[in-house]
Amino acid sequence: MRPPTKPAPRRRRRGALTPYLFLVPGLLLFAVFRVYPLLDGLRLSFTSARLGRAQYAWVGLANYERLLEDTRFHVSLWNTAFYTVASTLPILAIPLVLAVALNRGIALKTFLRSAFFFPFTLSVVTVGLTWLWLLDPVVGPFNYYLKALGLPVRSWLADPATAMWAIILTTVWWVAGYYLVIYLAGLQDIPRELYEAAAIDGAGGWRSFWSITLPLLRPVLLFVFVTHIIGSFQIFGQVFVLTQGGPGDATRTVVQHLYETAFQNFFHFGSASAMAWVLFAVILGFSALQFRLLRGHTEY
Amino acid sequence: MNEAGTAVSRRRFLTTAAAAGAAASLSAGTRRASAQPKATISYWNGLTGADGKVMDELIDQFTRETGIRVEQQRIQWADLYAKLQVSVPAGEGPDLALIHTVEVPHFASDGILEPIDDAAATGKGFRAEDYLPTTWQGGIYQGKRYAIPLDVPQHILYMNVKVMRDAGLVGPDGKPKVPGSRDELLAMAKQLAKGDTFGFAIGTVNPGKYTWGFQNLLWQNGANVYAADLKRCALAEPAAVEAAEFFGAIHAQHKVAPPANASCRDAFIAGKLGLWIAGSWNFTGLRDAKVDFAVAPVPRLFKQPIVWSMPHQYTFPTRKVMDAAKREAVWAHLRWMTDHVAEWTLKAGQVSALRKAHSDPRITGDPVLRTLLAQAPNWQGGQPVPKWVAAENLTRPVIETVYIGQKPARAAMEDLARQINAMPD
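Quick mapping for you: the protein sequence lines, in order, are chains Z and F. Just so you know, we're using our numbering here: the first sequence kicks off at 297 and counts up by one. Just so you know, we're using our numbering here: the second sequence kicks off at 11 and counts up by one.
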């Protein structure tokens, strides 16, 4: 019997290259459509670039300095932060409660899962227009039924005290089904034996949830948490359709301010790019913080 | 029947069939040739309401009659303008675009629009004397023509007959009473506002941020967005502040106007709004919805009975390479629309910028169109400032804070003037 021969160095090299060759198309697309625009945006943020004008000049940090004085940008940063914080608990908790309930094998499980997921199949504009009508202060059904029940009605989207909460409600309705499905997948990965052992040891449902479900769901929770925070900082569609940032600037968010600066008010790509990079830095910082806080304790 | 006879007959049949086939294919070829479009032009507009369907019908008729195909892109106005600003420098703009007059200065100064040679326009039969002067002047920026006017969207006062009758605000003839002054309008609006019915509103949707309604009030009070030098913002002047105070008071103080984000059109159709200053583009929709309504000229609420108007203008977006055949086809379309503008007015409800259609008995016989035409001496449009539209965008959230009572009119106007003056070039 001949001993197995070692692969020749050239073949080994070729073998090592193969996975990279498979990655090339994806990397090329990533470079062209993600990395290049990102870096070009960074370059534009240091210029006076304006849509429709071929000539522009290098202005250094002027666009970033202007952001320090732009009170509407500060308001939109604050609103975005408020939305992110206020929406996090309902977005994390409501789908989790629903997923735990659906995981217990209740009746109509499949139907309910589809029903909860259905809103997520709709586009943001469809969702926005639907809720715009539901919350219409004059002809909307929401106020109609509140009035029929003898409850006070108000202009939910035109009142600075309630407009952002109405947007959060719309968003929760829209995305809860998506996170529910992710939670369900995580719940189904938890071995049944752990619950059985806990039950034998006398643990009740609440105790099992705290000591088994939550710790073992931590990777899923981390995923939901991080993606939600990133998505929240980029919120635009719901605001654009429901309030256009109003009343006044009560629901104006960073991406909306950026969009209007670039495409509606002044076509100032330089200023808008600077806003985009500030937002990018904020998201990067928060994501890093989340990973640092949660990753170390994740139990796989 | 014998075999030979059958053979002859078969041969004759085949010959006849072949001849018929050839003739048919020839005639089909001729038909195809005659139906072959002469040119295809791209046309972008923001006619997203009922007027868009009317435009479709007219364009179909135009294509049938001329063989010129028109590929339309219909986008919300705000998105259309952003798209023009992006597409034209990239060489991807349309052959023809319909825009509002106030957009002409900034698009012209950014090189998005091609100047139209006066001699060329005259040669194609478009002459100043045929148009209402304000509409024709609206197409000029810094001495150059950039647009040919189509029509004059404008405000009008709609009165819901049922709502006004229920409030006892009709005359002995059953016709609604027309407010003649600000005080009269407020008194009537208070009488109309009961339960979930509102007395008065300005604007189709989102009355809180309806800048065109705010501008109408400004102009009636002799104020404007920019001072006479067209450089300094004049919105902190007392006349502008007074107009803003009234704009906010109708909702925040007198409680006669719908919430800032309501659909006034839906409220009017549902019989929950009595007096409504809104665009002329709404009236055909109200007729379709079988609403019992009457109209009157926009009442004089301040010093002068100005009526806000915003002519639609045909423009030629700049092309990197000029296609003479397409340009001729665009002119042919403008000529055809000009010749059929009475149809546009009757079906879309937009008063023509051309004088000749105004004497059409079908138009003068329509009470709404007659009222719109009678407002012509009082029409006013935006100022020829490239930053006009950007200033309007800044105005929207600020007047909303006044409308909902969040900010006093004076502070809001001072803040707005500061923002407008600080706009980058």
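All residues carry an ideal CB built from backbone N, CA and C; glycine is no exception. Quick caveat, the model's predicted, so the values are computed rather than measured.
Out of the options, which has the shortest C-alpha to C-alpha gap to residue i?
i, options, result
"N226/F", "Y324/F, P104/F, F257/F, L404/F", "F257/F"
"Y475/Z", "S410/Z, T426/Z, A444/Z, G498/Z", "S410/Z"
"Q164/F", "N431/F, L404/F, T381/F, P396/F", "T381/F"
"A299/F", "T207/F, I279/F, S191/F", "I279/F"
"F208/F", "Q147/F, G359/F, A262/F", "A262/F"
"L179/F", "I166/F, V162/F, R192/F, K200/F", "K200/F"
"A427/F", "F293/F, E402/F, G415/F", "E402/F"
"G527/Z", "L445/Z, V468/Z, F413/Z, V477/Z", "V468/Z"
"A100/F", "R329/F, L240/F, A238/F", "R329/F"
"T294/F", "V331/F, P377/F, A249/F", "P377/F"
"R242/F", "M433/F, S97/F, I260/F", "M433/F"
"V522/Z", "Q586/Z, L483/Z, V574/Z", "Q586/Z"
"R310/F", "Q416/F, R345/F, V162/F, W229/F", "W229/F"
"A177/F", "D193/F, I166/F, K154/F, G205/F", "G205/F"
Under the three-state reduction of DSSP, which class applies to residue i: helix, strand or coil?
i, result
"T325/F", "strand"
"Q416/F", "coil"
"P216/F", "Checking the sequence shown, residue 216/F turns out to be Asn, not Pro. Looking at N216/F - three-state DSSP - the assignment turns out to be coil, as it is neither helix nor strand."
"T50/F", "strand"
"A339/F", "helix"
"W452/Z", "coil"
"R346/Z", "strand"
"S191/F", "coil"
"L5/F", "The question about residue 5/F has no answer, for chain F in this structure spans 11 to 435."
"K185/F", "coil"
"V98/F", "coil"
"T207/F", "strand"
"H458/F", "Shown here, chain F extends from 11 to 435; a query on residue 458/F therefore has no answer."
"H165/F", "strand"
"L445/Z", "coil"
"R84/F", "strand"
"P333/Z", "helix"
"L476/Z", "helix"
"G31/F", "Residue placement at G31/F cannot be trusted, given a pLDDT of 46 that sits under 50; what the coordinates show is reported in the next sentence. Note: G31/F maps to helix in three-state DSSP."
"F303/F", "strand"
"V435/Z", "coil"
"H350/F", "coil"
Under 8 angstroms between the Cβ atoms of residue i and residue j?
i, j, result
"V551/Z", "F532/Z", "yes"
"V537/Z", "T549/Z", "no"
"M347/F", "L123/F", "no"
"A244/F", "V235/F", "yes"
"Y53/F", "I158/F", "no"
"I244/Z", "T509/Z", "Because residue 244/Z is not part of the residues shown, which for chain Z are 297 to 596, the question remains open."
"N431/F", "K313/F", "no"
"L106/F", "M198/F", "no"
"G59/F", "W291/F", "yes"
"G56/F", "Q82/F", "no"
"S273/F", "D432/Z", "yes"
"K282/F", "A203/F", "no"
"F559/Z", "G348/Z", "no"
"T380/Z", "I525/Z", "yes"
"Q276/F", "V434/Z", "For clarity, residue 276/F is Asp in the given sequence; the question names Gln instead. Yes; because the gap between Cβ atoms is below 8 angstroms, this pair is in contact."
"G566/Z", "V355/Z", "yes"
"G289/F", "T111/F", "no"
"G311/Z", "S569/Z", "no"
"L408/Z", "L398/Z", "yes"
"F519/Z", "G473/Z", "no"
"P394/F", "Y151/F", "yes"
Could you check whether the Cβ of residue i sits closer than 7 angstroms to any heavy atom belonging to the ligand FAD?
i, result
"G311/Z", "Among the components modelled here there is no ligand, and therefore nothing to report on the ligand FAD."
Are the stretch 540 to 549 of chain Z and the stretch 213 to 225 of chain F touching by the rule of at least three beta carbon pairs closer than 8 angstroms? yes
Validate contact between the stretch 78 to 96 of chain F and the stretch 299 to 311 of chain F using beta carbons, cut 8 angstroms, 3 pairs: no
Anything in the stretch 451 to 463 of chain Z with a Cβ closer than 7 angstroms to a Cβ of chain F? List those residues in chain order, please. S451, L453, A454, P456
For the stretch 164 to 197 of chain F, list every residue whose C-beta sits within 7 angstroms of some C-beta in chain Z, in sequence order. none
Specify whether the stretch 146 to 158 of chain F and the stretch 181 to 189 of chain F touch according to this definition: at least 3 beta carbon pairs, one from each stretch, less than 8 angstroms apart. no
Mind listing which residues of the stretch 119 to 137 of chain F have their C-beta closer than 8 angstroms to chain Z's C-betas, in chain order? D120, G121, I122
So, do the stretch 136 to 145 of chain F and the stretch 360 to 370 of chain F have three or more beta carbon pairs nearer to each other than 8 angstroms? yes
Assess contact between the stretch 410 to 426 of chain Z and the stretch 485 to 504 of chain Z, defined as three or more Cβ pairs (one per stretch) separated by less than 8 angstroms. Is contact present? no
Return the residues of the stretch 550 to 580 of chain Z that lie within a Cβ-Cβ distance of less than 8 angstroms from chain F, sorted by chain order. E556, F559, Q560, N561, F562, F563, H564, S567
Using a Cβ cut-off of 8 angstroms, which residues of the stretch 518 to 552 of chain Z contact any Cβ in chain F, in chain order? T539, Q540, G541, G542, P543, G544, D545, R548
May I ask you to list, following chain order, the residues of the stretch 335 to 354 of chain F that have a beta carbon less than 7 angstroms from some beta carbon of chain Z? none
For the stretch 394 to 408 of chain Z against the stretch 457 to 465 of chain Z, are there 3 or more C-beta pairs whose distance is under 8 angstroms? no
By the 7 angstroms beta-carbon criterion, what residues does the stretch 405 to 433 of chain F contribute toward chain Z? P407, E410, T411, I414, Q416, M433
Mind listing which residues of the stretch 275 to 294 of chain F have their C-beta closer than 7 angstroms to chain Z's C-betas, in chain order? D276, A277, A280, K282
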